[in-house]
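Worksheet for the structure shown next.
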Amino acid sequence: MLWLTMNKHRPLDKTDQNILAVLQRDGRISNVMLARRVNLSPTPCMHRVRQLEEAGYITGYRAVLDPEALGLKVCAFVLIKLERNTRDQAEAFEAAIAAIPEASEYYSTAGTHDYMLKIYARDLRAYQQVINDKIAALPFINDVQSTIILSERRTGGGLYPPPPQT
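Basically our numbering = 1-based index in the sequence shown + 71.
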């Protein structure tokens, strides 16, 4: 069967796309329910999911937490420019940011800044403390710019799998 030889270089077929779409919306769906939703029997459905995992299309499953329920009322995107974007500075910066629990996500970027962080904090005072004491205090930081999020309009929208090739 073709799906048993799936790898990242093989385009996804419509069934693979449907599996990915359903799992993005509900990663806790049972295999039996997933199979029904994508018009497969359970065993071939489970094989396809495993193949999608092994091929790297599915990289994990996780719970999505509500920051406000956890007392995190402030969320901000923070743009960082290093003094010199050298390998040593980038590695030192990434190690420092990995140790900051308030930085839930961080990305290396191209453009006017070198990194973008997503920071959660209890309130503005706690946010300012993270910026001043944990980020701007790093010796290789040239510029820090913050954008406070007023409200989230769309999160976790998922990725749209490419259409099947005909």
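Beta carbons are placed, not taken as given, at the ideal position from N, Cα and C, and that holds for glycine.
- Straight across, the Cα-Cα distance linking V145 with N110 is about 43 Å.
- At the C-beta level, A147 and I212 stay beyond 8 Å of one another.
- At least 8 Å separates the beta-carbon of A207 from that of Y198.
- Look at the region 97 to 183 and you find these whole runs of alpha helix (DSSP H), each 4 residues long or longer: 102 to 108, 113 to 125, 158 to 169.
- Per DSSP, reduced to three states, the secondary structure at I190 is strand.
- In the DSSP assignment, D214 falls within the beta strand (DSSP E) that extends over 212 to 219.
- If you check the CB distance, L123 and D87 come in under 8 Å.
- Straight through space, the alpha carbons of T114 and L143 are spaced by roughly 42 Å.
- Rounded to whole angstroms, the Cβ separation of I100 and L94 is 7 Å, and the two are in contact under 8 Å.
- Residue state for A208 is assigned as coil, using DSSP reduced to three classes.
- According to the DSSP assignment, L83 belongs to no alpha helix (DSSP H), since it is labelled neither H nor E.
- With fewer than 16 other CB atoms across the displayed protein chains lying within 10 angstroms of its CB, Y132 is exposed.
- Counting the other Cβ atoms within 10 Å of the Cβ of E176 gives fewer than 16, which makes it exposed.
- Counting of Cβ neighbours within 10 angstroms places D185 among the buried residues, the total reaching 16 or more.
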